[in-house]
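These notes are about the structure you will find just below.
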Amino acid sequence: LSLDPPLVSIALMCRSGLLAGLRESRRFAINLLAEDQADLALRFAAPGAERFEGIDWHLHRGLPRLAGVARYLDCTLHTEVAGGDHALIFGRVTDCWMSDTPPLIHAARRFGTHSGLVRLRTGQARLARRIDDLYYGEASGRPDGGGVPQPGGGPAGVSTTRA
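As structure tokens, this is what we get:
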């Protein structure tokens, strides 16, 4: 949603127990599943309290972190906006972790992942480098201006780690 400050957004049903807990604690985690975790996506999409039973996970700073995910975001509640039967939650990212594993995507009622990389036009490449510079820092070490996040090197003090 935003790089400065680093914000993400999620939508939760107003009657969700998860929303009630988030409002109370003002913290939440986002586990972006890996391309081979469609079974977990279906498990967590279904109603029921047994979602964590029998799967590999642990608490990270008091928030659930699933094993094998492609990305993990630790967030604090920034803003909440009512949207009918859902609440739109804006979270400020305070910590993140990334692996090289492609994330799982759900679109048109199917699971998949991103297609291969595409060649960017000149203007798009400049924009991508600028985003890299804002996120990873100007002195990232790559000749094209991009880089790999270093611990503590994210935007606005966000701690970043790469596997």
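Taking our numbering, I'd label the letters of the sequence shown as residues 234 to 396.
Heads up, the beta-carbon is just placed ideally off N, CA and C, and yes, glycines get one too.
These numbers come from a predicted model, not from an experiment.
- Per the coordinates, the alpha-carbon of ILE364 lies some 14 Å from the alpha-carbon of LEU240.
- ASP237 counts as exposed, since fewer than 16 other beta carbons sit within 10 angstroms of its beta carbon.
- Taking C-beta separations shorter than 8 Å and ignoring five residues to either side along the sequence, the partners of ARG294 in its chain run ASP307, ASP328, following chain order.
- Distance between ILE338 and ALA253, taken at the CA atoms: about 27 Å.
- Under the 10 Å beta carbon count, GLY324 is surrounded by 16 or more other beta carbons and is classified as buried.
- When GLU283, ARG342, ASP366 are compared, the shortest CA-CA separation from ALA271 is found for ARG342.
- Our two residues, ARG362 and GLU286, have alpha carbons roughly 42 Å apart in a direct line.
- By the Cβ neighbour-count rule, LEU360 is exposed, with fewer than 16 other Cβ atoms within 10 Å of its own.
- Scanning GLY281, ALA244, ARG298 for the CA closest to the CA of ALA267 turns up ARG298.
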